[in-house]
Amino acid sequence: MTDSDFERISEDIEYIKKAVKRNDPLLRQMATPPGWISLSLIGGTATTLFALPAHILSKAYGSFAMIPAGFKAVLFSILAILVVVGGIAKMALLSRKLGTTSGMFGFGRIVSSFFGGRSSYTTIPPILVLAVLLVYAAVSGRAWLSLPLSSLLLGLMSNQIGERSGVWSYYLMGYWLLITGSLSLFLAEHAVFLWVFIAYGGVFFAFAASLAMEQSANTGKKP
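Residue numbers (the working numbering): 812 to 1034.
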């Protein structure tokens, strides 16, 4: 193999890398680390402050329904405040990212990038199946099934985002949710809040850590 052959192969590899980066640029811009680390920490904190006390109190009083109304009010107030703060921060982050994405504006573009076009054939059916299963869980008196079912669906969707965006931290999120969702399907019935902490609290903190490492690695590669 001559030097010209090596040069041509190198050029082909570089072209493929650039083509991959150009693929689905909006999704890649939305999924990149800046901002998501803080939001993940907010999500992990919110989940922890709600799920762990709820688990402890449920065990102490026999069930969540038996927890005194005052304790429930505190739990839901903490959760509501952190969810509102996280929601506002998320909207602000997405708005800022949209403003720096080559003139592509509108949250409709985000939805289209995630779920539109050919992606709809792989994203919409699982969502519909999940909706049916959640209704079944509620009607049958097995509301705890919403935890493993939602974990499994979000795990699959996280892996898809990782594949399309090139941000490997979404694979970690995906497999974390798939593994914990599968385990909670068999173990969460009698400790659902503990598994909420393990599945969702854990994945938020792990995702934040992996994004920080990925961002640090990418920064180190820059000249």
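Positions of the beta carbon are idealized from the N, C-alpha and C atoms, including for glycine.
Buried or exposed (CB count within 10 angstroms, at least 16 for buried), residue i
i: Tyr947; result: exposed
i: Val895; result: exposed
i: Phe887; result: exposed
i: Phe861; result: buried
i: Leu1018; result: In the sequence as displayed, the identity of residue 1018 is Phe instead of Leu. Phe1018 is buried by the Cβ-count criterion.
i: Val978; result: buried
i: Gly791; result: The chain is shown from 812 up to 1034; residue 791 falls before or after that span and cannot be answered.
For residue i, the first and last residue of its enclosing alpha helix (DSSP H)
i: Gly992; result: 980–998
i: Gly977; result: Per DSSP, Gly977 belongs to no alpha helix (DSSP H) and is neither H nor E.
i: Ser951; result: Taken as a continuous stretch (DSSP letters only), Ser951 belongs to no alpha helix (DSSP H), as it is neither H nor E.
i: Gly854; result: 847–872
i: Phe1004; result: 1003–1007
Proximity below 9 Å, CB of residue i to CB of residue j
i: Leu963; j: Leu989; result: yes
i: Gly897; j: Gly1013; result: no
i: Leu939; j: Leu956; result: no
i: Ala1049; j: Gly992; result: Since the displayed the chain opens at 812 and closes at 1034, residue 1049 lies outside it and no answer follows.
i: Ile848; j: Ala1023; result: yes
i: Ala900; j: Leu868; result: no
i: Val1003; j: Leu941; result: no
i: Glu1025; j: Ser980; result: yes
i: Leu863; j: Leu1005; result: yes
Presumed contact (8 Å Cβ cut-off) between residue i and residue j, rounded CB distance
i: Phe1016; j: His866; result: At roughly 17 Å, the Cβ-Cβ gap does not stay under 8 Å, so Phe1016 and His866 are not in contact.
i: Ser995; j: Gly985; result: Actually they do not touch by this definition, with Cβ atoms about 16 Å apart.
i: Ala857; j: Leu893; result: 3 Å
i: Pro937; j: Leu967; result: 6 Å
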